[in-house]
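Shown next, in C-alpha coordinates, is the structure this report addresses.
Residue numbers (the UniProt record's numbering): 1 to 59.
Written as C-alpha coordinates, this is what we have:
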(Lines of atoms letter the chains of each structure in order from A and count residues from 1; the text may use other names and numbers.)
(Lines give C-alpha, C1' and ligand atoms only; values in the text may rest on other atoms or scores of the structure.)
Protein backbone atom coordinates (compact mmCIF):
# COMPACT_ATOMS: atom_id res chain seq x y z
CA UNK A 1 0.00 0.00 0.00
CA UNK A 2 1.27 3.47 -0.81
CA UNK A 3 2.12 5.88 1.94
CA UNK A 4 -0.06 8.95 2.26
CA UNK A 5 2.78 11.26 1.22
CA UNK A 6 3.34 9.24 -1.96
CA UNK A 7 -0.33 9.41 -2.87
CA UNK A 8 -0.38 13.17 -2.27
CA UNK A 9 2.55 13.65 -4.65
CA UNK A 10 0.88 11.48 -7.30
CA UNK A 11 -2.40 13.36 -6.88
CA UNK A 12 -0.63 16.69 -7.32
CA UNK A 13 1.01 15.44 -10.51
CA UNK A 14 -2.30 14.19 -11.91
CA UNK A 15 -4.03 17.47 -11.03
CA UNK A 16 -1.30 19.39 -12.87
CA UNK A 17 -1.74 17.09 -15.90
CA UNK A 18 -5.49 17.61 -16.26
CA UNK A 19 -6.18 20.33 -18.86
CA UNK A 20 -7.99 23.38 -17.49
CA UNK A 21 -10.27 24.09 -20.44
CA UNK A 22 -10.31 20.89 -22.51
CA UNK A 23 -12.00 17.63 -21.56
CA UNK A 24 -9.68 14.63 -21.11
CA UNK A 25 -10.75 11.03 -20.52
CA UNK A 26 -9.38 8.75 -17.83
CA UNK A 27 -7.40 6.87 -20.47
CA UNK A 28 -5.91 10.17 -21.71
CA UNK A 29 -4.77 11.09 -18.20
CA UNK A 30 -3.51 7.55 -17.64
CA UNK A 31 -1.40 7.75 -20.79
CA UNK A 32 -0.02 11.17 -19.89
CA UNK A 33 0.88 10.23 -16.30
CA UNK A 34 1.88 6.61 -16.76
CA UNK A 35 -0.49 5.55 -13.98
CA UNK A 36 -3.04 2.77 -14.28
CA UNK A 37 -6.53 3.74 -15.42
CA UNK A 38 -8.17 2.62 -12.13
CA UNK A 39 -5.77 4.77 -10.09
CA UNK A 40 -6.46 7.77 -12.35
CA UNK A 41 -10.21 7.17 -12.05
CA UNK A 42 -9.91 7.10 -8.24
CA UNK A 43 -7.95 10.34 -8.16
CA UNK A 44 -10.26 12.10 -10.62
CA UNK A 45 -13.29 10.99 -8.59
CA UNK A 46 -11.68 12.34 -5.43
CA UNK A 47 -10.98 15.65 -7.18
CA UNK A 48 -14.66 15.89 -8.18
CA UNK A 49 -15.80 15.11 -4.64
CA UNK A 50 -13.43 17.78 -3.29
CA UNK A 51 -14.82 20.32 -5.76
CA UNK A 52 -11.52 20.70 -7.63
CA UNK A 53 -13.10 19.78 -10.97
CA UNK A 54 -16.45 18.96 -12.53
CA UNK A 55 -17.53 15.58 -13.85
CA UNK A 56 -18.44 15.19 -17.51
CA UNK A 57 -20.03 11.74 -17.21
CA UNK A 58 -22.94 12.60 -19.49
CA UNK A 59 -20.73 13.81 -22.39
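Virtual Cβ for every residue (Gly too), placed ideally from N, Cα, C.
Looking at 12, 41 and 9, the one whose alpha-carbon comes closest to that of residue 24 is 41.
When rounded, the separation of the alpha-carbon atoms in residue 9 and residue 34 is 14 angstroms.
It is roughly 16 angstroms from the alpha-carbon of residue 26 to the alpha-carbon of residue 12.
The continuous stretches of alpha helix (DSSP H) do not include residue 22, and DSSP gives it neither H nor E.
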